[in-house]
Each structure stands twice: as C-alpha cells, then as structure tokens.
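Student: Read left to right, the sequence shown gives residues 90 to 481 (this note's numbering).
For every residue, glycine included, the Cβ atom is placed at its ideal position computed from N, Cα and C.
Have a look at this one before I ask anything.
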Amino acid sequence: MQISGTLLTLTLMYSFLFKVCLVQLGRVVYYKHRFFSAQVGFLVLCLLWMAVRVVFFVSVQLSYSPSFLLIAVYELPVNIEFGVFSLLVLFTSSMVLRHTRRADWDAYLGRWANGAFLGVNGVLFCLYCLYVYWVLVQDAKEASSSASQLRSIFTASVFCLLEILLAVAYFHLYTLVTANPGIRLPFSTFGDSQQSVLALLAALLVLFLSRCAYDIAAACDAVTISIAIDSPTSKSLIVFFSFFSWEIVPPSLVIALVGHVPSSSHSSASATAVLKGRGGGFASTHSGPLYGSMASLNRTGEPATTYWAPPHMYGSDDDEHDSRAHPASPVPAAALGMPRPIGPTGSASESLVAYPDARNASASSGTLFTRGSAGVFSMPSYQNRSGGALYQ
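If you want it as structure tokens, here you go:
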C-alpha cells in the first residue's frame with residue numbers, strides 16, 4: 090500500500106465534513122426534531138457524498154481494491170452533488186415563490202417543483218448506473234475511450250444545468266431581498282444576515298462556473314485531471330486544488346448555510362400571527378411579508394436569534410407537552426411591528442395578536458390550529474439518494 094500526501098489530506102478533509110454531518114444528524118435524533126425536512130435532506134446527501142469520497146480515496150491507495158468499486162465510488166458523487174445543489178435551488182425557489190406566489194405554490198407549483206426535482210435526479214441516477222455497467226462490461230479500449238468522453242459530456246451538461254438553475258434562483262432571491270430590506274431568510278446560521286447568504290450563494294455560482302468551464306474543456310479533450318499515487322508535486326497540487334475547490338468548499342458552504350441544528354425548537358420558534366374576528370375566534374393570517382414582518386420569538390417572548398426552526402419543522406412530543414403546560418400570552422401586534430390587517434369589509438377594526446407558536450394560540454383561544462398554520466415558513470421535505478461530483 091502506498092500513501093500519497095495529497096490523497097491523505099483530502100481523505101482527512103472529507104472525513105471531517107463527514108463527522109460534522111453525522112454530529113448534526115445525531116442532534117436531530119437526540120433532540121427529537123422533525124426528521125423529514127429539507128435540512129435533514131441536505132445533511133444526509135452531504136454525509137453520503139463525504140462517505141463515498143472517503144471510500145474512494147482509501148481504495149485508491151489500496152493495491153487490492155477491485156476495479157468495479159473504484160469506478161462505482163468515483164462516478165457516484167456527480168449525482169450526489171447535483172442532488173445537494175438542486176435541493177438548494179428548490180429550497181431557494183420555494184422561499185421566493187412562497188412570498189410572491191403563495192397561492193400558486195400551494196396549489197400546483199410546489200408539486201411540480203418537487204416532481205421535477207425527484208424526476209431529474211432519478212434520471213441522472215439511472216444514467217449513472219448505465220454508465221457504470223457499460224464500463225464494467227465493455228472492457229475494450231475503444232469502449233473505454235468512448236465512455237470517458239461520454240462521462241465528460243454528461244458531467245459538463247449536469248453542471249451547466251446546475252449553474253443556470255442556481256443563477257436563476259439567486260437572481261430571484263436577490264430581487265426579493267432588494268425589494269424587502271427587512272426580510273429574514275430561513276438559513277440556520279445566517280438568518281439575520283442577507284449579505285452573508287447572498288455572498289455564499291454567489292461563491293457557489295463562481296465555483297460552479299469554473300467547474301463548467303473545466304468540464305467543457307475536458308469534453309473537448311483539451312484538459313484532463315487524473316489521480317495517481319506517484320504523481321509529481323505539480324500535478325498533485327492541481328488534483329488537490331481541484332477537489333478542494335469543487336468538492337470541499339461547496340458542501341462546506343451548504344453546511345454553513347443550513348447545517349446547524351438547534352438544541353430546542355423553542356430557541357428559534359417563529360411567531361405566528363392570528364387574526365381575531367368578530368365572533369371571538371382566531372384564524373391564521375397572511376398579512377405582511379412571509380419572512381421578516383413576523384418576528385421570531387423564543388419561549389421567553391424575546392426575539393430569537395434565527396428563523397430556522399418553527400414548531401412544525403422541529404416538532405417533538407416534548408414540545409407538545411411543554412406548550413400545554415406553559416401557555417403563552419398574546420403578544421401585541423405593535424410589539425412585533427406588524428401592520429393591522431384589513432378585514433373583509435375593508436375596515437381595520439379587527440385586532441392582530443401573535444403567539445410564539447400556533448399550538449399556544451389554539452390553547453389560548455380554543456380554536457384548532459394545524460401545524461401548517463400560515464405565517465410560519467416550512468421548508469420543503471424531500472428524500473433523495475442521488476447526487477455528486479465527477480473528475481477525470
């Protein structure tokens with residue numbers, strides 16, 4: 090067995106990110122947060138991505154590693170990476186469309202977007218399986234050369250598509266943030282900083298643009314980055330920086346955006362606005378921008394640090410019991426900076442109050458609320474097992 094310093098360093102980096110994802114998923118289970126959420130989807134895909142890369146780099150340095158294992162684990166990350174960042178595109182698009190076209194999103198756009206996400210990733214995974222089968226069965230030199238070129242074309246197409254989708258999503262998010270300076274973005278680490286979120290997404294755009302340029306050049310046989318144990322220092326540095334730029338930095342940015350799991354859903358539970366009608370009952374309201382106008386409150390009634398974990402996202406059985414044992418008092422709308430909504434008759438005579446979460450509102454008013462009450466942002470829930478990054 091030969092040990093390469095470059096490959097060992099990359100293995101340690103992937104192992105560290107694997108550990109970070111595993112710890113955060115452990116926190117989801119330990120604190121009984123909702124498992125079927127987009128954040129868990131990001132963490133699971135990144136965990137799988139890092140695990141596959143660790144297996145690959147360890148296998149490269151083992152002389153007895155079977156060829157089919159090397160081919161399978163080398164090619165799979167392109168699908169995983171596409172799954173991770175297409176989920177980021179879908180998540181970002183849902184933020185914008187829930188704000189600008191909420192009715193259409195709830196009626197049909199959400200289902201179409203979810204179906205497109207699952208369908209495209211499913212097709213790409215099937216193509217990956219066909220490619221691996223082709224390479225393993227067709228051992229001829231001609232077949233191997235054709236497969237290599239096909240792989241380069243496939244990778245270039247995937248990342249060009251991803252670059253376009255991410256650029257469109259970024260443009261609409263930037264437009265939304267520019268038009269609503271007080272908006273709060275539901276990212277776990279940078280919920281209060283629009284500039285940080287936009288900067289990280291812009292960095293992803295630049296990285297994917299460079300990756301697209303390389304893949305197009307590789308498809309034209311203009312450049313090739315190969316991995317070898319005994320490569321000279323100059324080539325080893327090229328391999329290291331290519332993997333670092335295209336496979337270490339992007340998942341690190343995703344983990345920075347959405348990876349942190351809070352210890353309690355109460356620490357960042359968002360306030361749900363409810364409209365008090367003439368009959369004394371309460372109903373959820375959509376008044377004001379979906380993000381930002383409805384301030385986040387923790388269980389003490391003070392502003393929360395993030396806009397990440399509304400009750401129905403990280404809901405647990407303990408939260409249900411705690412909300413009944415400690416009912417919250419209404420928070421005046423003025424304290425949250427909310428405008429008074431216009432009633433059905435065009436008057437503003439109805440009063441607006443807010444509770445730390447929808448279940449407390451139902452306990453106080455006697456009106457039944459569902460976990461999906463309006464005014465609380467819910468990330469889309471997906472499970473997908475495809476995704477990744479590809480190199481020559």
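Check the C-beta distance from residue 245 over to residue 310 and give it rounded, since I have them as a contact under 8 Å.
Tutor: Numbered from its first residue, the sequence shown carries residue 245 at position 156. Numbered from its first residue, the sequence shown carries residue 310 at position 221. Not really, about 12 Å apart at Cβ, beyond 8 Å.
Student: By Cβ distance below 6 Å, which residues in the same chain neighbour residue 157 in space, the five residues on each side in sequence not counted?
Tutor: Within the sequence shown, the letter at position 68 stands for residue 157. Once the five neighbours on either side are set aside, the close Cβ partners of residue 157 are 225.
Student: What did DSSP end up calling residue 179 once you bin it into helix, strand or coil?
Tutor: Here residue 179 corresponds to residue number 90 of the sequence shown, with the count starting at 1. Of the three classes helix, strand and coil, the one that applies to residue 179 here is helix, per DSSP.
Student: Closer than 6 Å by C-beta to residue 242: which residues in its own chain qualify, once you throw out the five before and the five after it? Chain order, please.
Tutor: Numbered from 1 along the sequence shown, position 153 holds the residue referred to as residue 242. So the qualifying residues of the chain are 308.
Student: If you measure between the beta carbons of residue 289 and residue 346, is that distance less than 8 Å?
Tutor: As a working note, residue 289 is residue 200 in the sequence shown. As a working note, residue 346 is residue 257 in the sequence shown. In this structure, residue 346 lies closer than 8 Å to residue 289 by Cβ.
Student: Could you name the residues of the same chain whose beta carbon sits closer than 7 Å to that of residue 143, not counting the 5 residues immediately before and after it, in chain order?
Tutor: Taking the first residue of the sequence shown as position 1, residue 143 is located at position 54. The answer, listed in chain order, is 100, 103, 104 and 107.
Student: Looking only at its own chain, which residues have a Cβ that is under 7 Å from the Cβ of residue 249, when we skip the five neighbours before and after it?
Tutor: In the sequence shown, the residue the question calls residue 249 occupies position 160. Taken in chain order, the residues that qualify are 301.
Student: Measuring CB atoms only, is the segment 190–201 touching the segment 172–179, in the sense that at least three cross pairs come out at less than 8 Å?
Tutor: With a cut-off of 8 Å, the segment 172–179 and the segment 190–201 do not count as touching, because too few Cβ pairs lie within range.
Student: Between residue 95 and residue 269, what straight-line distance do the alpha-carbon atoms span, to the nearest angstrom?
Tutor: Taking the sequence shown and counting its residues from 1, the one referred to as residue 95 is at position 6. Taking the sequence shown and counting its residues from 1, the one referred to as residue 269 is at position 180. Their backbone Cα atoms lie some 46 Å apart in a straight line.
Student: So what's residue 185 in DSSP terms, helix, strand or just coil?
Tutor: Looking up residue 185 in the sequence shown gives position 96. Helix, per DSSP.
Student: Do residue 265 and residue 185 have their C-beta atoms closer together than 8 Å?
Tutor: Working through the sequence shown from its first residue, we reach residue 265 at position 176. Working through the sequence shown from its first residue, we reach residue 185 at position 96. Contact flag set, yes.
Student: With three or more beta-carbon pairs closer than 8 Å as the criterion, would you say the segment 216–224 touches the segment 135–142?
Tutor: Contact between the segment 216–224 and the segment 135–142 is absent, because fewer than three Cβ pairs lie under 8 Å.
Student: Could you work out which residue in 164, 110, 298 and 306 is closest to residue 334 when comparing CA atoms only?
Tutor: Looking up residue 334 in the sequence shown gives position 245. When only C-alpha atoms are compared, the closest one is 298.
Student: Go to residue 304, then tell me how far its alpha helix (DSSP H) extends in each direction, as first and last residue.
Tutor: Here residue 304 refers to the residue found at position 215 of the sequence shown. That run of the alpha helix (DSSP H) goes 283–308.
Student: For residue 122, name the three-state secondary structure that DSSP assigns.
Tutor: As a first step, residue 122 is located in the sequence shown; it is residue number 33 there, counting from the start. DSSP places residue 122 in coil when its eight states are reduced to three.
Student: Considering just the uninterrupted stretch of the alpha helix (DSSP H) at residue 203, what are its terminal residues?
Tutor: To locate residue 203, count along the sequence shown from 1; it is residue 114. Unbroken alpha helix (DSSP H) run through residue 203: 199–226.
Student: With distances taken Cα to Cα, identify the nearest neighbour of residue 350 among 113, 337 and 160.
Tutor: One-based indexing of the sequence shown puts residue 350 at position 261. Of the candidates 113, 337 and 160, the one whose C-alpha sits nearest the C-alpha of residue 350 is 113.
Student: State the DSSP-derived secondary structure class of residue 34, mapped to helix, strand or coil.
Tutor: Nothing about residue 34 can be read from this structure; the chain reaches only from 90 to 481.
Student: So the candidates are 306, 259 and 125; which of them puts its Cα closest to the Cα of residue 238?
Tutor: Translated into the one-based positions of the sequence shown, residue 238 becomes position 149. Among 306, 259 and 125, the Cα nearest to that of residue 238 is on 306.
Student: Only counting the same chain, and skipping five residues up and downstream in sequence, which positions put a Cβ closer than 7 Å to that of residue 341?
Tutor: The sequence position of residue 341 within the sequence shown is 252, counting from 1. Same-chain partners within the cutoff: 106.
Student: Leaving out five residues on either side along the sequence, give the residues of the same chain with a beta carbon under 7 Å from the beta carbon of residue 256.
Tutor: Looking up residue 256 in the sequence shown gives position 167. Here the set comprises 294.
Student: Can you tell me whether residue 383 is buried or exposed, with buried defined as 16 or more other CB within 10 angstroms of its CB?
Tutor: For the purposes of this step, residue 383 is identified with residue 294 of the sequence shown, where counting begins at 1. At residue 383 the pLDDT is 30, less than 50, meaning the model places this residue with poor confidence and gives no usable figure here.
Student: Do residue 348 and residue 109 have their C-beta atoms within less than 8 Å of each other?
Tutor: Position 259 of the sequence shown, counted from the first residue, corresponds to residue 348. Position 20 of the sequence shown, counted from the first residue, corresponds to residue 109. Yes. Within cutoff.
Student: If you reduce the DSSP assignment to three classes, tell me which class residue 100 lands in.
Tutor: The residue labelled residue 100 in the question sits at position 11 within the sequence shown. It is helical.
Student: So, at 8 Å on beta carbons, what are the nonlocal neighbours of residue 98 in its own chain, with the 5 sequence-adjacent residues on each side left out?
Tutor: For the purposes of this step, residue 98 is taken as residue 9 along the sequence shown, with counting starting at 1. Counting only Cβ-Cβ distances below 8 Å, and skipping sequence neighbours, we find 329.
Student: Is the distance from the Cβ of residue 162 to the Cβ of residue 145 below 8 Å?
Tutor: Within the sequence shown, numbered from 1, the residue matching residue 162 stands at position 73. Within the sequence shown, numbered from 1, the residue matching residue 145 stands at position 56. Result yes, Cβ atoms of residue 162 and residue 145 sit closer than 8 Å.
Student: Cα separation between residue 51 and residue 194?
Tutor: For residue 51 there is no data in the structure shown, the boundaries of the chain being 90 and 481.
Student: From this set, 292, 312 and 313, which residue's C-alpha is nearest residue 337's C-alpha?
Tutor: The sequence position of residue 337 within the sequence shown is 248, counting from 1. Among 292, 312 and 313, the Cα nearest to that of residue 337 belongs to 292.
Student: I think residue 325 touches residue 314, with their Cβ atoms under 8 Å apart; what is that distance to the nearest whole Å?
Tutor: The count along the sequence shown starts at 1 and reaches residue 325 at position 236. The count along the sequence shown starts at 1 and reaches residue 314 at position 225. Not really, about 11 Å apart at Cβ, beyond 8 Å.
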